[in-house]
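Undergrad: 4 is the number of the first residue of the sequence shown in our numbering; add one for each residue after it. We put the CB at the ideal spot given by N, CA and C, even for glycine. Below is the structure I would like to discuss, written out as structure tokens.
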Amino acid sequence: MADKAIPVSQPQNREWAIRANRWVYSISTHWMLGFSLIYGLFVALPFLAPVFMKLGWELPGRAIYMVYSFLCHQLPQRSFFLFGSQFTFPTAEILTVWPSDSIMQLRQFIGTAEMGWKVAWSDRMVSMYTSILLFAWIWYPLRKRLPHLGWQGFVLFLLPMAIDGFSHVISDLAGMGQGFRDSNQWLAALTNNTFAQTFYSGDAWGSFNSIIRLATGILFGAGQIWFCFPYVNDYFLSMKELIQYKFGRAGLHL
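Below you can see the structure in the form of structure tokens.
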């Protein structure tokens with residue numbers, strides 16, 4: 004019966020299979036802890052880049068910027084700066100210290116000792132990726148009481164960011180600081196210029212663009228967790244039950 008539960012032909016292989024199953028069982032039991040550690044490091048590294056630059060550790064700092072540049076445009080006018088005079092900077096001010104003829108050139112600016120150093124991904128990526136971790140921690144203790152989110156609801160959570168992101172892409176085709184999302188005159192007209200001009204134009208903290216990127220990133224993170232994590236949890240739960248069944252048939256203890 005033991006051979007049928009854990010089919011192996013050699014004693015050494017049987018011992019290896021037992022250890023492997025116990026390892027899988029442990030991962031299945033503590034998968035949320037493993038996710039928090041691995042994904043938490045992924046979320047933390049972009050914030051370490053400006054810390055390293057501040058400390059003068061340019062090699063690890065620039066390495067983080069390079070790696071995360073494949074995941075984010077890292078445009079400085081849409082990024083947070085640490086250890087400087089301001090949290091965000093407008094495009095015009097950045098161009099005074101980093102003259103650029105294209106977006107590709109502009110995204111290479113990581114900061115200065117006076118302005119501070121930018122986080123290694125944009126404000127949207129900060130809200131999106133960080134909220135995934137935060138919502139995972141919220142979802143996990145509530146997982147047995149929350150219903151699964153259907154795919155229609157999942158689409159609704161993702162749609163705002165898709166619309167906002169696509170509109171920025173179209174806007175950027177007009178050139179740096181020239182697109183309709185840079186001035187947002189359409190929004191000023193819709194709201195009859197109710198708010199200050201700094202709310203409508205640019206990407207500074209507190210502007211319409213920054214608020215929308217923050218909000219849509221949070222919605223994206225919430226949708227990802229609510230839709231995907233029940234399936235992840237069910238998978239690991241089924242793995243635990245399978246291994247418990249196999250060990251029970253073999254008369255072994257986990």
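Select from Leu109, Leu245, Gly251 and Met131 the residue whose C-alpha is nearest the C-alpha of glycine 31.
TA: For clarity, residue 31 is serine in the given sequence; the question names glycine instead. The residue with the shortest Cα to Cα distance from serine 31 is Leu245.
Undergrad: Helix, strand or coil: how does DSSP classify lysine 121 here?
TA: The answer is strand: DSSP assigns lysine 121 an E or B state.
Undergrad: Which residues in the same chain have their Cβ closer than 8 Å to the Cβ of glycine 43, if we skip the five residues on either side of it in sequence?
TA: Result list for glycine 43: Leu136, in chain order.
Undergrad: Which of the three DSSP states, helix, strand or coil, is assigned to threonine 91?
TA: Coil at threonine 91, not helix or strand.
Undergrad: May I ask which residues mark the beginning and end of the alpha helix (DSSP H) holding threonine 219?
TA: Where threonine 219 is concerned, the enclosing alpha helix (DSSP H) stretches over 211–253.
Undergrad: Please list, in chain order, all residues of the same chain as tryptophan 142 whose beta carbon is under 8 Å from its beta carbon, the five residues on each side excluded.
TA: Excluding positions up to five away in sequence, the list reads Leu149, Ile228, Trp229 and Phe232.
Undergrad: Could you name the residues of the same chain whose beta carbon sits closer than 6 Å to that of leucine 258, not counting the 5 residues immediately before and after it, in chain order?
TA: Examination of residue 258 is not possible in this model, given that the chain is present from 4 through 257 alone.
Undergrad: Are there three or more Cβ pairs, one per stretch, closer than 8 Å when the segment 49–60 is compared with the segment 119–133?
TA: The segment 49–60, when compared against the segment 119–133, does touch it at the 8 Å Cβ threshold.
Undergrad: Only counting the same chain, and skipping five residues up and downstream in sequence, which positions put a Cβ closer than 7 Å to that of phenylalanine 50?
TA: These residues qualify, in order along the chain: Val122.
Undergrad: Locate the alpha helix (DSSP H) running through glutamine 188, then write down its first and last residues.
TA: Element bounds for glutamine 188: 188–193.
Undergrad: Suppose only complete runs of 3+ residues qualify. What are the beta strand (DSSP E) ranges in the segment 13–48, listed by chain order?
TA: DSSP runs (the beta strand (DSSP E)) wholly in the segment 13–48: none.
Undergrad: From the DSSP output, read off the bridge partner residues of threonine 115.
TA: Looking at the DSSP assignment, threonine 115 forms a beta bridge with Gly119.
Undergrad: Of the choices Ser82, Arg146 and Phe138, whose alpha-carbon is the least far from that of glycine 205?
TA: Among Ser82, Arg146 and Phe138, the Cα nearest to that of glycine 205 belongs to Ser82.
Undergrad: Is it right to say arginine 184 is buried, meaning 16 or more other beta carbons lie within 10 angstroms of its own, or is it exposed?
TA: Answer is buried; the Cβ neighbour count reaches 16.
Undergrad: Indicate whether threonine 94 and methionine 179 have their beta-carbon atoms separated by less than 7 Å.
TA: Closer than 7 Å, so yes.
Undergrad: Helix, strand or coil for phenylalanine 160? Go by DSSP, reduced to three states.
TA: Correct three-state label for phenylalanine 160: helix.
Undergrad: Return helix, strand or coil for phenylalanine 138, following the three-state DSSP convention.
TA: In the structure shown, phenylalanine 138 sits in a helix (DSSP, three-state: H, G or I).
Undergrad: Rounded to a whole number of angstroms, what is the C-alpha to C-alpha distance between methionine 69 and proline 79?
TA: For methionine 69 and proline 79, the distance between alpha carbons rounds to 14 Å.
Undergrad: Measuring only the C-alpha atoms, how far is phenylalanine 112 from phenylalanine 211?
TA: Each residue's Cα considered, the two are about 24 Å apart.
Undergrad: Bridge partners for leucine 85 per DSSP, in chain order?
TA: Trp120.
Undergrad: So what's glutamine 181 in DSSP terms, helix, strand or just coil?
TA: In the structure shown, glutamine 181 sits in coil (DSSP, three-state: anything other than H, G, I, E or B).
Undergrad: Would a C-beta distance cut-off of 7 Å place aspartate 167 and threonine 219 closer than the cut-off?
TA: Yes, the Cβ-Cβ distance between aspartate 167 and threonine 219 is below 7 Å.
Undergrad: Please return the same chain residues whose Cβ sits closer than 6 Å to the Cβ of tryptophan 101, not counting the five positions on each side in sequence.
TA: So the qualifying residues of the chain are Phe112.
Undergrad: Could you give the first and the last residue of the continuous alpha helix (DSSP H) run that contains phenylalanine 202?
TA: Run containing phenylalanine 202: 200–203, per the alpha helix (DSSP H) assignment.
Undergrad: Using three-state DSSP, classify serine 103 as helix, strand or coil.
TA: Residue state, collapsed to three classes: coil.
Undergrad: Arginine 216: buried (16+ other C-beta within 10 angstroms of its C-beta) or exposed?
TA: Result: buried.
Undergrad: Can you give me the Cβ contacts of histidine 171 inside the same chain, cut-off strictly under 7 Å, excluding the 5 residues immediately before and after it?
TA: Arg184, listed in sequence order.
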